[in-house]
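Accompanying notes for the structure given below.
Put into structure tokens, the structure is as follows:
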């Protein structure tokens with residue numbers, strides 16, 4: 005399966021499962037020295053393999069429709085996690101709600117309550133609030149992603165690399 009076909013399949017699956025709604029959420033897959041990213045303004049349920057955005061390792065738009073404004077999140081995660089080939093960012097209701105709670109420990113906003121969570125997620129880091137699409141968050145994303153493949157953006161949602 006091509007990287008583009010994988011994005012389409014996973015995007016549709018995420019949408020079908022209700023893990024994101026409307027035109028929220030985005031995905032990226034490393035494809036050689038390029039990164040394929042879901043375009044802005046497109047529901048994950050409508051993503052097409054032949055209509056993806058292409059950016060370089062610095063996030064510069066190379067081809068295709070305009071990329072999601074959060075492409076920098078994906079590129080930052082892939083840059084510091086060379087073993088990862090994909091990044092998924094959703095606005096799942098439960099994760100977004102958790103990210104809005106006061107008093108969360110940034111190093112451990114959700115303790116591993118089950119063995120499965122511990123095996124699949126490991127550590128989860130909570131990042132300070134940044135407006136969606138604000139590239140000023142790049143340094144915080146890179147720093148946190150060095151320690152964890154799963155991040156929770158305050159008042160926003162999860163970003164996971166794998």
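In the numbering used here, the protein residues as written are 5 to 166. Positions of the beta carbon are idealized from the N, C-alpha and C atoms, including for glycine.
Extent of the continuous alpha helix (DSSP H) run through residue i
{"i": "residue 19", "result": "7-20"}
{"i": "residue 124", "result": "119-124"}
Residue span of the beta strand (DSSP E) that contains residue i, given as start and end
{"i": "residue 65", "result": "65-67"}
{"i": "residue 52", "result": "Unbroken run through residue 52: none, as it is neither H nor E."}
Coarse secondary structure for residue i, derived from DSSP in three states
{"i": "residue 62", "result": "coil"}
{"i": "residue 29", "result": "coil"}
{"i": "residue 105", "result": "coil"}
{"i": "residue 137", "result": "coil"}
{"i": "residue 38", "result": "strand"}
{"i": "residue 95", "result": "coil"}
{"i": "residue 84", "result": "helix"}
Buried or exposed (CB count within 10 angstroms, at least 16 for buried), residue i
{"i": "residue 24", "result": "buried"}
{"i": "residue 87", "result": "exposed"}
{"i": "residue 129", "result": "buried"}
{"i": "residue 161", "result": "buried"}
{"i": "residue 66", "result": "exposed"}
In DSSP terms, what residue i is bridged to
{"i": "residue 129", "result": "155"}
{"i": "residue 164", "result": "92, 154"}
{"i": "residue 113", "result": "Per DSSP, none; premise fails for residue 113."}
Supposed contact pair residue j and residue i - C-beta distance, whole angstroms, cut 8 Å
{"i": "residue 1", "j": "residue 79", "result": "This structure leaves residue 1 out entirely; the chain is present only between 5 and 166."}
{"i": "residue 26", "j": "residue 47", "result": "7 Å"}
Any non-hydrogen atom of the ligand PLP closer than 7 Å to residue i Cβ
{"i": "residue 148", "result": "In terms of ligand content, the structure shown is empty, and the ligand PLP therefore cannot be addressed."}
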